[in-house]
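Under UniProt numbering, think of the first position of the sequence shown as 1, with each following residue one higher.
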Amino acid sequence: MFAKPAHDLLRPLGVWVGVTGTDDDNHSDKENSAPLFSTDTTSTPILTPNSTAIPLPQSPVNVSPPSFDDSASTEESSHEGDEDTLLDMDSNEDAPLGMDFDDFLPNSIEGLEADEQPEAFSKTLIVDGRTYLKSCVVASLGSNRSKKVTMRTLRVRGIALEDFHNSQLNELDPDNMEDGDFMKKGDLVAVLVRSGDRICMAVLEVVGFHFDQEKGTRTIAPLEDLKTLANKIKISGQIVGLSASTMSSSWVWTKNYLALNASPRDNKLTRHQFVIQVPSCLAHPLAPTIAAKSVSDFQLDASCFPTWRLELSELDEVLNALWESLEPNTEKIIGNANLLPKIISPQLPYCNSSKEEHFVIQNLPEGLISTPKLATKGIIPCFLCGVKMELRKMRNHIKHHILHSMRETEDQAEKKLQPVGLNPCGFCGRDGCITQLKIKTRGPGVTITSSCPYHYSGMIYKAAAKC
């Protein structure tokens, strides 16, 4: 077998090894070697039922080409060129399936005379005020096994993409979707995140919903249940990349996702690098529209379309609503801000083509501006009297100043830099520090968050409560 020249080792018997061939496979395997026009100099006799074959002479016949004048040949060549152009147009510009010649003409005689352009083919449908892609509608009407895999060895075995999915998941088809509003997998939501010293807004594509005391992930959840923190529902999603139009009136999805931690030490593209979880009460649903095709207003490649479009006015309103939900004018802002995820990415906050940052909270409270943590044994001065001591001992020193002020007794301090505040902080003795206690979700005890620069995070609160 190896000694035979031009022998296909993959098909020693004429068919692929391990694969059952079909008639359709022969179209690509066989070459049509028969010429379109006969080049043999011999003539084949024409036979009729009542005639006999008469052999024709085998000697070649010399035929002199006819002579034409120059004007006739020029005119004929121009006609031939026009016919070739029409043939090329017919072969390269076939009408789409289901379209006829009349579909490319205007709808009226007036439009025909005015050279009116026919209506462009739309890729979307509008049903009950909502826009749907026709390709998605057609895909939903077909069988879930119609999407074949690209590997031939798997495709010939009848394996489809559906076989790689978890059969226990009932995607977007729960039994209780008859009434109410729902948020589902694939929707866009807006959340506030901490990027360095700033709080900005990011847009997430929902991946799933995690309910308390449930191991699995749901693909749909009622909107009413997502508004309450007590329900302990978390939304997992991926931060999408946005690009602003040149007129800054809208933003579109760039078909990219942002990494959560842009660290050069971790270059692996894992789920942990792109998917985050946020409490459902911190997410605000968005209502994007479809940008069907690229226009000059967007500096994106045409391959990014169709994509989602978000209006700038809507994003600004959502940003204000998310900030107000954190209660920035109360002491709760410290604890609520700690619920925000921390993202380290050069693409956040979102920037337009002029590198101007958008969707950033301005004029943050002083307590939300991150300050470097002080060492436990670091020497710091007292704001009230100037005495220097370790951070872990400052709380016990400050309590003497506070007790003297409350009982209106004389303080024996050598220096008095400033008086004790009316509502003094237990760590520094001044006004303006915001401190919040929060009961631990697991186990006894409380956790404390404070905006005080002298906050001693290593303090044992259980022992301090006995004092």
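Beta carbons are placed, not taken as given, at the ideal position from N, Cα and C, and that holds for glycine.
Residues of its chain near residue i, where Cβ-Cβ distance is below 7 Å and the 5 sequence neighbours each way are ignored
i       : result
Val-420 : Leu-384, His-401, Ile-402, Ser-405, Gly-429
Gln-418 : Phe-383, Leu-384
Asp-225 : Asn-231, Ile-233
Pro-365 : Pro-328, Ile-333
Thr-289 : Thr-131, Arg-309
Phe-229 : For the record, residue 229 in the displayed sequence is Leu; it is not Phe. Excluding sequence neighbours, Leu-229 sits near Pro-279, Cys-281.
Lys-415 : Cys-385, Gly-386
Assigned exposure category for residue i - 16 Cβ within 10 Å defines buried
i       : result
Gly-142 : exposed
Asn-363 : exposed
Pro-49  : Summary for Pro-49: the model assigns pLDDT 46, below 50, so the residue's position carries little reliability; its value from the coordinates is reported in the next sentence. Label assigned to Pro-49: exposed.
Pro-279 : buried
Lys-4   : exposed
Gly-14  : exposed
Gln-436 : buried
Leu-223 : exposed
Ala-283 : buried
Ile-220 : buried
Thr-307 : buried
Where residue i falls: helix, strand or coil (DSSP)
i       : result
Leu-161 : helix
Gln-436 : strand
Ala-53  : Bear in mind that a pLDDT of 44 at Ala-53, under 50, signals an unreliable position, so the number given afterwards is only what the model happens to contain. Ala-53: coil per DSSP, three-state reduction.
Pro-65  : Confidence at Pro-65 is low in this model, with a pLDDT of 49, below 50, so the placement of that residue should be treated as unreliable; the coordinate-derived value is given next. In the structure shown, Pro-65 sits in coil (DSSP, three-state: anything other than H, G, I, E or B).
Thr-330 : coil
Cys-428 : coil
Arg-309 : strand
Gly-14  : coil
Asn-423 : coil
Ala-139 : helix
Gln-238 : strand
Gln-418 : coil
Thr-153 : helix
Closest residue to residue i among the options (Cα-Cα distance)
i       : options                            : result
Arg-407 : Leu-260, Leu-422, Glu-390          : Leu-422
Phe-359 : Ser-450, Lys-377, Arg-194          : Arg-194
Ala-337 : Lys-185, Arg-198, Ala-3            : Arg-198
Cys-433 : Cys-452, Asn-320, Lys-147          : Cys-452
Glu-311 : Gly-237, Trp-253, Asp-128          : Trp-253
Tyr-257 : His-397, Gly-241, Ile-344          : Gly-241
Gln-273 : Gly-237, Ser-245, Ser-250, Ala-291 : Gly-237
Pro-349 : Ala-202, Gly-216, Thr-330          : Ala-202
Contacts around residue i, its chain only, beta-carbon distance under 8 Å, and the 5 residues preceding and following it disregarded
i       : result
Tyr-456 : Thr-376, Leu-391, Arg-392, Met-394, Arg-395, Phe-427
Ala-287 : Glu-314
Chain-order list of residues whose beta-carbon lies under 6 Å from that of residue i (same chain, five-residue window excluded)
i       : result
Ala-139 : none
Thr-449 : Ile-334, Gly-335, Asn-338, Gln-436
Asn-261 : Ile-344
Which runs of the alpha helix (DSSP H), 4 residues or longer, sit entirely within the segment 334-410? 391-407
For the segment 196-235, list the beta strand (DSSP E) runs that are entirely contained and at least 3 residues long, ordered along the chain. 198-210, 220-222
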